[in-house]
Amino acid sequence: MRITCIIIVTLMILPWFSCTTTPESVPLAFISSVDPHSYSRPDEVSVYHIDLFLSVDFEKKSLYGLARIHYNIHKPGAALILDIGKGLEIEAIKDDSALEAVYRFGEEDDILGRSLEIEIEEHSGFVEVHYHTNQDAAALQWLAPEQTHGKNMPFLFTQSQAILARTWIPLQDSPSVRFTYDARIVVPGGMLALMSAQNPVQKNESGEYFFQMKQSIPSYLMALAVGDLTFKELGESTGVYAEPGMLEKAVYEFAETEKMLQVASGLYGDYAWDRYDILLLPPSFPFGGMENPRLTFVTPTILAGDRSLTSLVAHELAHAWSGNLVTNATWNDFWLNEGFTVYFEYRIIEALYGYDYAEMLASISMQDLLDEIEILTSSGQLEKSSLKGQWDGLDPDEGVSPIAYDKGYFFLLRLEALAGREAFDGFLKKYFADHAFLSIDTEYFIEYARRNLSIEWSDDFIDNWVYGQGLPDDIPVVSSNRFNAVDRELKNWLTGKKPNELETENWTSHEWQHFLRQMPDSIDAKDMRQLDEVYAFSESENAEVFFLWAMQAVKANYKIAFGPIETFLMQTGRRKFVLPLFREMKKHQHTAGLAEILYHKARPNYHYVTANAVDALFVIGS
Ligand code: BES
Ligand code: ZN
Numbered sequence: 052m053r054i055t056c057i058i059i060v061t062l063m064i065l066p067w068f069s070c071t072t073t074p075e076s077v078p079l080a081f082i083s084s085v086d087p088h089s090y091s092r093p094d095e096v097s098v099y100h101i102d103l104f105l106s107v108d109f110e111k112k113s114l115y116g117l118a119r120i121h122y123n124i125h126k127p128g129a130a131l132i133l134d135i136g137k138g139l140e141i142e143a144i145k146d147d148s149a150l151e152a153v154y155r156f157g158e159e160d161d162i163l164g165r166s167l168e169i170e171i172e173e174h175s176g177f178v179e180v181h182y183h184t185n186q187d188a189a190a191l192q193w194l195a196p197e198q199t200h201g202k203n204m205p206f207l208f209t210q211s212q213a214i215l216a217r218t219w220i221p222l223q224d225s226p227s228v229r230f231t232y233d234a235r236i237v238v239p240g241g242m243l244a245l246m247s248a249q250n251p252v253q254k255n256e257s258g259e260y261f262f263q264m265k266q267s268i269p270s271y272l273m274a275l276a277v278g279d280l281t282f283k284e285l286g287e288s289t290g291v292y293a294e295p296g297m298l299e300k301a302v303y304e305f306a307e308t309e310k311m312l313q314v315a316s317g318l319y320g321d322y323a324w325d326r327y328d329i330l331l332l333p334p335s336f337p338f339g340g341m342e343n344p345r346l347t348f349v350t351p352t353i354l355a356g357d358r359s360l361t362s363l364v365a366h367e368l369a370h371a372w373s374g375n376l377v378t379n380a381t382w383n384d385f386w387l388n389e390g391f392t393v394y395f396e397y398r399i400i401e402a403l404y405g406y407d408y409a410e411m412l413a414s415i416s417m418q419d420l421l422d423e424i425e426i427l428t429s430s431g432q433l434e435k436s437s438l439k440g441q442w443d444g445l446d447p448d449e450g451v452s453p454i455a456y457d458k459g460y461f462f463l464l465r466l467e468a469l470a471g472r473e474a475f476d477g478f479l480k481k482y483f484a485d486h487a488f489l490s491i492d493t494e495y496f497i498e499y500a501r502r503n504l505s506i507e508w509s510d511d512f513i514d515n516w517v518y519g520q521g522l523p524d525d526i527p528v529v530s531s532n533r534f535n536a537v538d539r540e541l542k543n544w545l546t547g548k549k550p551n552e553l554e555t556e557n558w559t560s561h562e563w564q565h566f567l568r569q570m571p572d573s574i575d576a577k578d579m580r581q582l583d584e585v586y587a588f589s590e591s592e593n594a595e596v597f598f599l600w601a602m603q604a605v606k607a608n609y610k611i612a613f614g615p616i617e618t619f620l621m622q623t624g625r626r627k628f629v630l631p632l633f634r635e636m637k638k639h640q641h642t643a644g645l646a647e648i649l650y651h652k653a654r655p656n657y658h659y660v661t662a663n664a665v666d667a668l669f670v671i672g673s
């Protein structure tokens with residue numbers, strides 16, 4: 052049965068559920084192989100709705116309650132298989148007649164956790180999984196009051212992508228499965244709970260909150276945050292949640308969100324999620340942003356005070372189409388989420404702020420991509436440079452690299468160049484409409500594109516871009532006039548012009564980022580000090596600028612910056628900054644010891660995904 056399905060799917064590009072037996076089932080995914088990162092078998096029994104009843108216990112650092120899992124049967128006699136991650140402890144499982152269900156666990160795998168196989172009746176229905184989480188639940192970060200801005204209430208947030216939803220909810224943790232959800236969450240009085248769903252705008256005394264997500268979503272978009280949070284509207288359909296002391300700063304920074312939403316809808320079709328709100332998290336949030344539907348989670352490190360880092364909001368907003376509406380079916384197809392989103396992000400930026408701004412972002416993408424190819428080449432891992440990922444047996448987190456984001460972006464830019472912008476925009480609009488609320492894989496996308504985008508397709512072209520390693524010969528050339536001007540000033544400085552004589556008047560933080568990235572390794576602590584005296588980089592409030600400065604300071608052993616670097620690493624848990632900084636510190640004799648001491652101190656402040664990545668640099672526990 053399964054093999055037949057796969058053949059039908061790959062040859063005829065039909066949804067897998069067309070091979071199934073229940074007539075009411077609708078296509079959910081176009082996928083030509085099983086998801087290697089989930090034990091579930093949605094082709095046999097699939098989850099379509101979850102009712103979540105959870106209490107949040109800050110003292111025990113535990114969520115406890117139950118998940119009522121509603122399923123459809125496609126293969127009579129098959130079991131319902133859920134993914135259970137580390138840190139999730141099952142107490143009881145009941146069927147829809149409140150009787151104890153028969154269930155068994157599979158063997159535990161370090162990355163995937165274990166399978167939970169539940170025997171079910173021959174008709175579709177639900178099971179209730181009673182459970183609690185413990186301190187190993189990797190999606191959850193429990194913050195003490197001192198780790199928040201207000202310092203008077205604790206804070207909890209989740210990060211489910213890629214395969215951590217299974218550590219706080221028992222579910223089919225595959226992006227090829229979609230479900231709706233309702234939730235009742237109970238929190239201590241005086242705190243507000245928020246989810247990737249219809250949200251409250253103010254606290255209530257009882258601490259009991261109800262949520263509804265009516266559109267079907269994949270599991271990695273399940274999200275919860277609890278804290279001392281307040282809300283302010285930004286526009287008719289947009290708003291921001293933050294701790295009281297951060298709210299006004301966030302409102303200023305994100306003031307253009309409503310405009311972004313309008314531009315995005317104008318480009319690729321109506322926004323499908325009703326509201327678009329932003330939640331500003333404490334600084335330990337491990338990512339820049341996370342596109343939880345209706346409620347993007349963002350790091351406070353994008354609050355530069357001048358709105359210069361808000362392209363990240365455009366990025367997370369774009370995911371409302373690429374990712375949340377049309378979803379990668381497996382993590383090997385991650386570029387379908389991120390490559391499309393980067394393309395879409397730059398189009399929003401271009402429409403709002405002009406071509407030269409978008410050009411700077413594209414140049415940064417190219418630089419990131421070239422750097423990554425160099426790293427993969429020199430470490431003999433070039434097989435990790437193909438757009439179609441091969442993360443079977445590995446943590447899909449490894450796929451979060453410039454390959455999916457930037458090589459994906461350049462592939463789409465190449466298609467745009469071949470088709471012409473107008474035709475390509477029409478294609479993308481139709482692509483989102485045709486696959487709304489579906490998950491698709493790379494093979495399906497290629498087939499669809501070949502049928503709907505009239506350019507000269509060839510197998511070689513696909514092989515080079517999608518399956519091949521390194522960079523294709525026809526990769527688009529990007530250049531930025533504004534960055535060219537920066538390059539000239541950098542050269543002037545390197546050939547003797549004084550820092551205060553450089554022409555930097557109109558530079559935005561992007562020009563400074565470029566300047567710092569292009570600085571040669573040969574510059575020493577004395578050069579750094581001269582620059583610092585004029586531009587005060589060591590005190591920069593712009594996290595992107597400070598991070599690049601800090602990288603140079605480590606290389607050049609510029610000790611004046613070490614104090615601020617320590618403060619930064621103690622507070623900020625964003626992996627994109629923390630991991631390279633520690634890596635660089637470890638690399639140099641003059642900072643290796645400091646890195647050990649600092650990591651020991653800072654690690655308790657980090658979310659699992661950051662700590663897990665940085666641990667690999669250190670020998671933890673020995
Ligand atoms: N969805 C990603 C974050 C992610 C990817 C989390 C994979 C876990 C696994 C999000 O949309 C993202 O790409 N964030 C970027 C920002 C962006 C502007 C490139 C980040 O966090 O830096
Ligand atoms: Zn993204």
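In the working numbering, the protein residues as written are 52 to 673. Glycine included, each C-beta is placed from N, C-alpha and C at the ideal position.
Exposed or buried, what is residue i when buried is set at 16 or more other beta-carbons lying within 10 Å of its beta-carbon?
i, result
"residue 295", "exposed"
"residue 274", "buried"
"residue 252", "exposed"
"residue 166", "buried"
"residue 621", "exposed"
"residue 212", "buried"
"residue 454", "buried"
"residue 752", "The structure shown has nothing for residue 752, since the chain only spans 52 to 673."
"residue 586", "buried"
For residue i, which residues from the same chain have a beta carbon less than 6 Å from its beta carbon, with the 5 sequence-adjacent residues on both sides left out?
i, result
"residue 96", "122, 124, 129, 131"
"residue 203", "196"
"residue 487", "376"
"residue 280", "243, 292"
"residue 102", "119, 233"
Give me the Cα-Cα distance between residue i and residue j, rounded to the nearest whole angstrom.
i, j, result
"residue 345", "residue 376", "12 Å"
"residue 359", "residue 578", "27 Å"
"residue 246", "residue 549", "52 Å"
"residue 372", "residue 607", "43 Å"
"residue 221", "residue 406", "46 Å"
"residue 75", "residue 390", "Annotation note: pLDDT 45 at residue 75 (below 50); position unreliable, coordinate value reported separately. Straight-line Cα distance between these residues: approximately 34 Å."
"residue 73", "residue 268", "Annotation note: pLDDT 39 at residue 73 (below 50); position unreliable, no value reported."
"residue 690", "residue 355", "The question about residue 690 has no answer, for the chain in this structure spans 52 to 673."
"residue 86", "residue 494", "14 Å"
"residue 350", "residue 208", "12 Å"
"residue 201", "residue 298", "11 Å"
"residue 485", "residue 319", "12 Å"
"residue 562", "residue 531", "10 Å"
Within its chain, find whatever has a CB closer than 7 Å to the CB of residue i; leave out the 5 residues flanking it on each side and keep chain order.
i, result
"residue 424", "436, 521, 522"
"residue 513", "497"
"residue 672", "Residue placement at residue 672 cannot be trusted, given a pLDDT of 47 that sits under 50; the coordinates are not used to answer."
"residue 634", "668"
Is residue i near the ligand ZN - that is, is its Cβ less than 7 Å away from at least one heavy atom of it?
i, result
"residue 370", "yes"
"residue 642", "no"
"residue 366", "yes"
"residue 647", "no"
"residue 392", "yes"
"residue 342", "yes"
"residue 389", "yes"
Considering Cα atoms alone, identify which of the options is closest to residue i.
i, options, result
"residue 462", "148, 516, 492, 165", "516"
"residue 451", "226, 627, 105", "627"
"residue 456", "276, 397, 486, 583", "397"
"residue 197", "173, 278, 604", "278"
"residue 518", "644, 416, 191, 438", "438"
"residue 228", "476, 271, 257", "271"
"residue 404", "265, 555, 559", "559"
"residue 465", "524, 112, 422, 661", "524"
"residue 289", "415, 492, 313", "313"
Taking 7 Å as the cut-off, is the beta-carbon of residue i closer than that to any non-hydrogen atom of the ligand BES?
i, result
"residue 579", "no"
"residue 307", "no"
"residue 338", "yes"
"residue 627", "yes"
"residue 448", "yes"
"residue 212", "yes"
"residue 537", "no"
With a CB to CB cut of under 8 Å and the five nearest residues on each side skipped, what residues in its chain are close to residue i?
i, result
"residue 400", "362, 365, 408, 409, 412"
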